[in-house]
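Position 203 of the first sequence, counting from 1, maps to 205 under my numbering, and the rest follow consecutively. Backbone N, C-alpha and C fix where the C-beta goes; we use that ideal spot for every residue, glycine too. None of the values given here were measured: they were computed from a predicted structure. This report concerns only the one structure given below.
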Amino acid sequence: MTLRLYDTATGEVRDFVPLQTGKAGVYVCGLTVQGEPHVGHVRSAVNFDVLRRWLIASGYEVTFIRNITDIDDKILTKSADQGRPWYNLAYDMKRELDRAYDALHVLPPTYEPAATGHVPEMIELISLLIERGHAYAAEDASGDVYFDVRSWPAYGELTHQGIDDMEAATDADPRGKRDPRDFALWKGWKQDSEPVTASWPAPWGRGRPGWHIECSAMAGKYLGDAFDIHGGGVDLRFPHHENEQAQSRAAGSRFASYWMHNAWITTAGEKMSKSLGNTLSIPGVLQRVRGIELRYYMVSAHYRSHVEFSFEALEEAASAFRRIERFLERVETPTPGALPDAFVAALDDDLGTPAAIAAIHDAIRQGNVHLAADESQAAAEVAGSVAAMLSVLGLDPADPHWSQESSGSTERLTTAVDVLVGVLLDQRQTARAAKDFATADQIRDQIAAAGIEIEDTPAGPRWTLDTSTSSVTEGS
RNA sequence: GGUGGGUUGGCCGAGAGGCGAGGCAACGGACUGCAAAUCCGUCUACACGGGUUCAAAUCCCGUACCCACCUCCA
């Protein structure tokens with residue numbers, strides 16, 4: 003069984019053949035840190051995190067690079083509006099992003115290069131492109147440097163477009179471009195509107211790097227002139243990835259062997275208005291469900307499928323996930339288990355996470371049957387297998403990462419609640435033994451009103467927090 | 001205009017010529033003092049119109065509607 007991946011460049015699912023046996027180099031476009039991360043941003047990160055975990059589980063030694071863009075027009079504009087240095091805004095938002103990644107258990111990359119830390123590499127690359135006749139300094143006084151699209155016949159190959167078929171750029175300002183589709187590799191410093199801290203010296207004058215050149219320079223530095231997989235959101239295919247590939251190849255690199263793009267997650271056809279944007283920010287969504295449940299929701303759809311985000315669907319996914327957790331909780335000590343063939347086949351088929359999750363649910367039904375039949379050994383084996391599958395998807399509830407949030411005081415609180423609920427449950431058991439069911443039910447209702455669910459099991463009653471009732475009501 | 005994708009049961013969401021993915025919800029049954037959890041069962045869907053085929057949700061042609069990208073975007 004070999005891993006097969008959908009490659010945007012060829013438009014088909016094909017066998018993954020790494021450049022070096024047993025190794026995989028992956029570059030994923032991270033974010034421009036200019037605002038609070040929302041569910042859409044994180045979907046990309048989660049999808050490529052699953053890719054990474056699966057490569058590792060399949061025996062690959064993975065080098066995983068995900069950049070951050072910490073200088074661009076928006077950052078400069080926003081920070082100016084907010085009256086603070088651009089690097090402070092970028093840094094704050096970067097920390098916000100880290101928190102979001104962490105909340106979703108997205109593993110830290112091998113390295114996370116920032117654009118501002120790689121200006122010399124970019125200047126070197128731009129110089130090379132100029133030397134080779136694929137880039138030129140603007141024919142006006144802007145100080146910009148552009149990539150010459152017409153000098154690279156393969157331009158458009160990634161997205162299967164011909165230059166002449168592209169809509170003429172409506173962007174009003176052709177500046178000193180030879181062709182409207184030429185894109186900026188270097189942006190000259192605008193003395194009157196941009197802080198000097200946002201500029202770097204270069205052979206063609208002070209300025210800052212264009213967006214596309216960043217990724218080419220950083221991917222080249224950390225993964226070499228040829229690497230296996232380049233990923234990002236669908237919207238990045240053009241122009242970002244097309245441009246990246248063109249400039250890297252024009253500079254003599256082979257660049258990525260496979261291009262993977264995740265689909266969008268959107269809301270009911272509406273634009274992300276301010277109010278919607280707020281509720282879809284990661285901290286906002288995490289007031290409704292736990293991070294592990296949000297991750298399950300994202301993983302339960304295929305990464306190339308467009309997802310229409312809704313809290314209803316999210317809650318539904320959370321319910322499904324709780325079924326998984328309940329099974330795991332009922333098994334005392336899982337025996338380390340292997341990944342079922344169906345699960346492996348699912349992920350090998352272009353990361354078929356929905357089928358992989360179906361395999362998990364199949365195992366759980368089987369495990370529940372074992373539990374019902376009091377076959378604890380068999381159940382423990384199933385639980386081990388389930389845990390192994392969940393772990394590959396970053397969804398193992400037993401992973402210490404997920405309990406990180408509960409600090410020592412939370413643990414003590416849990417213990418305290420356990421004792422208190424225990425007292426009530428003892429009273430209820432006494433009432434039940436006396437067949438005083440009215441009292442027994444009254445006690446259960448009181449406990450339920452506090453958000454705690456009671457289950458009577460052969461081993462006695464047990465309580466769990468009722469996570470399905472949202473602790474937070476929607477604001478108006 | 002160009003490029004890419006979509007329309008699946010009450011809902012979410014897979015599949016991509018034949019074998020009822022999976023989940024959520026609902027309903028019936030078992031279990032329970034009653035519940036909950038769990039198990040068993042029920043709900044047999046693929047936008048529309050043609051065509052190919054022994055066989056089509058899946059392939060082909062056409063129609064409708066939707067979305068993304070071609071400008072910053074995960």
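Measure the alpha-carbon distance for residue i versus residue j and round it to whole angstroms.
i: L106; j: R434; result: 43 angstroms
i: P460; j: E331; result: 15 angstroms
i: A174; j: F313; result: With a pLDDT of only 45 at A174, under the threshold of 50, the placement of this residue in the model should not be trusted; the figure read from the coordinates follows. When rounded, the distance between both Cα atoms is 40 angstroms.
i: Y358; j: N370; result: A small correction: the amino acid at residue 358 is Ala; Tyr does not occupy that position in the sequence shown. Between A358 and N370, the C-alpha separation is close to 19 angstroms.
i: A265; j: H136; result: 32 angstroms
i: V121; j: P197; result: 17 angstroms
i: G209; j: A320; result: 48 angstroms
i: D420; j: R292; result: 21 angstroms
i: L5; j: L99; result: 30 angstroms
i: S275; j: P39; result: Because S275 carries a pLDDT of 42, less than 50, the predicted location of this residue cannot be relied on, and the following value inherits that uncertainty. Approximately 15 angstroms between the Cα atoms of the pair.
i: T441; j: R328; result: 28 angstroms
i: I125; j: L131; result: 10 angstroms
i: E334; j: A382; result: 8 angstroms
i: D438; j: Q444; result: 10 angstroms
i: H403; j: S195; result: 45 angstroms
i: R297; j: T466; result: 22 angstroms
i: W202; j: F18; result: 40 angstroms
i: S46; j: Q431; result: 50 angstroms
i: V30; j: R16; result: 20 angstroms
i: A451; j: L427; result: 14 angstroms
i: E295; j: L282; result: 15 angstroms
i: S338; j: E455; result: The amino acid at residue 338 is misidentified as Ser; the sequence shows Pro. Near 30 angstroms, if we compare the C-alpha coordinates of E455 and P338.
i: I58; j: D181; result: 44 angstroms
i: D351; j: G286; result: 34 angstroms
Counting along the chain, where does the alpha helix (DSSP H) carrying residue i start and finish?
i: I366; result: T355 to A374
i: R446; result: F439 to A451
i: A137; result: Segment A137 to A139 is the beta strand (DSSP E) holding A137; no alpha helix (DSSP H) there.
i: L349; result: D343 to D350
Let's see if you can read the secondary structure: which residues bound the beta strand (DSSP E) around residue i?
i: K189; result: F185 to G190
i: F149; result: V147 to F149
i: P211; result: G209 to P211
i: L106; result: Taken as a continuous stretch (DSSP letters only), L106 belongs to no beta strand (DSSP E), as it is neither H nor E.
i: E246; result: Where E246 is concerned, there is no enclosing beta strand (DSSP E), although the alpha helix (DSSP H) it sits in stretches over E244 to A252.
If we call anything under 8 angstroms between Cβ atoms a contact, is residue i one with residue j?
i: D72; j: A116; result: yes
i: P111; j: F185; result: no
i: A315; j: A248; result: no
i: N49; j: E216; result: no
i: V147; j: I128; result: yes
i: H214; j: G235; result: no
i: L160; j: A360; result: no
i: G42; j: M95; result: no
i: R54; j: V394; result: no
i: G212; j: G145; result: no
i: F257; j: S250; result: yes
i: I284; j: R325; result: no
What does DSSP give as the partner residue(s) for residue i in the beta ladder?
i: I456; result: W465
i: E310; result: T268
i: F257; result: A228
i: A116; result: I70
i: H263; result: G234
i: E14; result: D9
Between residue i and residue j, which are expected to be in contact by the criterion C-beta below 8 angstroms, what is the C-beta distance as a whole number of angstroms?
i: G386; j: V52; result: No, G386 and V52 are not in contact; Cβ-Cβ is about 21 angstroms, not under 8 angstroms.
i: H232; j: W261; result: 5 angstroms
i: D230; j: S259; result: 5 angstroms
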